[in-house]
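Beneath this line is the structure, given in C-alpha cells, with notes to follow.
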Amino acid sequence: MKTLQIIPLLLLTVLLFSCNDDENFVAKTDVEVALHFEDESTAIELDDITVTFININNGSEIKSTSDTNGKVSLMLEEGVYSMVANGEKTITIDGNVQTVTISGSIENKVVNASSSTFELPLFYSAPGEGWVIKEVYYAGSRTPENKAYYKDQYIEIYNNSSEVLYADGLTISEAEHNTSRELNEWADWLSQGVVVRTIYTIPGSGTEHPVQPGESLILASQPIDHTIENANSIDLKGAHWQWFDEGTTDVDVQEVPNLTKYYSYSKSFWLLHTSGYNSFILWRADDMEAFMSTQRKETENSAGNTIEGYLVPNEIILDAVESSRKDKFLTKALAPQIDLTYTYCNETFSKKSIRRKVQGYDDGRAILMDTNNSDNDFIKNAELKPGEVE
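Here's what the structure looks like:
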C-alpha cells in the first residue's frame, strides 16, 4: 500500500518539474555575423575582432571573436540585440606604421529562427590628436535642502595634440535626438551627419584664442562660484566662456566672454539634459553664416508634429560623446564612426560627470584616450575635475 501511495506522488513531482522547465524554456538560435568594411578598398584582415551581443530585453552580454574570414558564429537566446564590434590592427598609413581601432555596430536586430544571419559594417580610425571633449557635467547637483540645482553645468574641451591650437570657431552642440527614445526620427541623416538642437560658437578671426598643448577651455552655463548659493556645488569662476541666452532669466557674467549663439531649441535658456539623453559634438564650420542658411532640416515625430534642427556633416565633427542612462538607452544619435557606443551618469543631480580617461603622458603632457568609443574612453559617474587632468 505504501508503495502504491508513493508512485502518484512521484508522478506529480515529475509533472511539476516539467511544467517549471516549460515556463523557463527560452528558444535559442544559431547566429552568424559577417564583418566587412564599409569602404570596400580597405585592406585590413578581419580576424580576431571581438563582437559583443547585447540583449536589449534583459541587458545580458555575450562576446565572440571573428575567424579568419571575418565570420562570427554562436548560439543566442531569441530576442532583440545590439551587436558591437571592436578590435585593434597594426597597419601602414602613408609609410607610417600605426595601430588603428576597428569598430562597428548595428542596433535592435531581432534574433529568431527566421532571422539569424547579419552583416556588420566596420570602419577604422587612427588615434585622435587635436581637440577633444574632456568632460561634460550635465547631471547637476542638490542643495543642502535636497533641492535640484542645475546652474553649475559645464563642458570642458582639451587640446590633445602636441601643438598650439586655436579655439576660434569651435562650436559645441547638443544632438536633437533623445537616446532614450525607441525611434530616431533623424536616422535617415545618420550616414551624413548629426542633427543638433543647439549651436554655440567661440568667436574669433582664426588666431585670437590660442590654447597650449595639454590645456583646456571650460564652457559654463553660469561661470560663478556656485558654492555661495549651493554649498554642495563647485566654483566655476575660472571658466573661460559662458553660453548665455539673452532676453531670458539667464545671468550674464560680465567678467567672462560669451559664446556666439546661433541656435537653440529653447525659448528660455540652454539647459543640458540632466540625464544626458542628448549627446554632444564639437565641430567647426568654415563659414557659419553659410552653414546656418543651408543646413536646417525638418521631419515629423511619432505624434505627427514637425521638429527641426541643423545637420552637422560628419566630416567637420572634431569630437563627440554619445551619452544616455544605462537603464534607459535605446537608440543612438551618432553614427558608429563618430562614436561607437555611449557613456553615462547613473543619476540626475548626483554632482557627477562623464570625464575622458588619461591614456598616458608625453613629457608631462596628459594624452587623453580617444578611440571614438565612449564606453571605453570615458569614466562614468566621475568626480568633477574642471581644469584638472588625472
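Numbering (mature numbering (1 follows the signal peptide of the UniProt record, and there is no 0)), first residue to last: -20 to -1, 1 to 370.
Note that CB positions come from ideal geometry on N, CA and C, so glycine has one too.
What you are looking at is a predicted structure, and each value in this text was computed from that prediction instead of being measured.
Within 7 Å (strictly less), CB to CB, does residue i reach chain D?
i      : result
Tyr130 : No chain D is present in this structure, which holds just one protein chain.
Specify the secondary structure class of residue i as computed by DSSP and reduced to three states.
i           : result
His206      : helix
Asn285      : coil
Phe249      : coil
Met63       : strand
Met268      : helix
Ala167      : helix
Met(-20)    : Model confidence at Met(-20) stands at a pLDDT of 41, short of 50, so the residue's coordinates are unreliable; what they give is reported in the following sentence. DSSP places Met(-20) in coil when its eight states are reduced to three.
Asn353      : coil
Ile296      : helix
Ser255      : coil
Ser273      : helix
Lys8        : strand
Lys312      : coil
residue 372 : Look at the range of the chain in this structure, -20 to 370, and you will see that residue 372 is not part of it.
Leu239      : coil
Ser160      : coil
Ile175      : What sits at residue 175 in the sequence shown is Val, not Ile. DSSP places Val175 in strand when its eight states are reduced to three.
Glu329      : In the sequence under discussion, the amino acid at residue 329 is Phe, which differs from the Glu named in the question. Of the three classes helix, strand and coil, the one that applies to Phe329 here is coil, per DSSP.
Tyr322      : coil
Ile359      : strand
Glu226      : coil
Ala219      : coil
Gly340      : strand
Thr279      : strand
Mind checking whether residue i and residue j have CB atoms under 7 Å apart?
i      : j      : result
Phe309 : Thr159 : yes
Leu56  : Ile135 : no
Asn285 : Cys325 : no
Val64  : Thr9   : no
Asn210 : Tyr129 : yes
Gln234 : Pro203 : no
Leu54  : Val11  : yes
Arg335 : Ile318 : no
Asn212 : Thr311 : no
Thr178 : Ser153 : yes
Val176 : Gly289 : yes
Ser259 : Ser330 : no
Ala313 : His157 : yes
To the nearest angstrom, how far is it from the Cα of residue i to the Cα of residue j?
i           : j      : result
Asp355      : Lys51  : 24 Å
Tyr341      : Lys332 : 25 Å
Ser141      : Gln192 : 9 Å
Ser201      : Leu216 : 9 Å
Tyr138      : Ala14  : 37 Å
Asp297      : Thr123 : According to the sequence provided, residue 297 is Ile. The question's Asp does not apply to it. Looking at the two C-alpha atoms, the distance is approximately 36 Å.
Thr22       : His189 : 38 Å
Val338      : Ala283 : 43 Å
Ile82       : Thr30  : 10 Å
Ala219      : Leu197 : 7 Å
Glu25       : Lys69  : 8 Å
Ala93       : Glu162 : 24 Å
Trp263      : Lys127 : 35 Å
Thr79       : Ala346 : 19 Å
His16       : Val236 : 49 Å
Glu295      : Glu125 : 46 Å
Thr45       : Asp357 : 22 Å
Ile42       : Thr228 : 49 Å
Tyr61       : Lys89  : 5 Å
Ser40       : Asn49  : 27 Å
Leu364      : Lys277 : 35 Å
residue 371 : Gly84  : In this structure the chain extends from -20 to 370, so residue 371 is not present and cannot be described.
If I'm right that residue i touches residue j with Cβ under 8 Å, what's the distance once you round it to whole angstroms?
i      : j      : result
Ala119 : Thr254 : 6 Å
Tyr180 : Thr240 : 7 Å
Asp230 : Ser244 : Contact flag wrong, Cβ pair sits at about 11 Å.
Asp132 : Ile34  : Their Cβ separation, rounded to whole angstroms, is 33 Å, which puts Asp132 and Ile34 out of contact at 8 Å.
Leu100 : Ile113 : No, Leu100 and Ile113 are not in contact; Cβ-Cβ is about 27 Å, not under 8 Å.
Val301 : Val116 : 6 Å
Ala315 : Leu102 : Going by Cβ atoms, the distance from Ala315 to Leu102 rounds to 13 Å, so no, they are not a contact pair.
Trp111 : Thr279 : That pair is no contact at about 30 Å.
Ile261 : Val174 : 5 Å
Mind pulling the beta strand (DSSP E) runs of 3 or more residues that sit fully within the region 19 to 107? Taking only runs of at least 3 residues, the beta strand (DSSP E) segments lying wholly in the region 19 to 107 are 30 to 35, 41 to 45, 51 to 57, 59 to 73, 76 to 91 and 97 to 105.
Can you list, in chain order, the stretches of the beta strand (DSSP E) that have 3 or more residues and sit fully within the region 107 to 155? Positions of the beta strand (DSSP E) runs, each at least 3 residues long and wholly inside the region 107 to 155, are given as 111 to 117, 134 to 139 and 151 to 154 in order along the chain.
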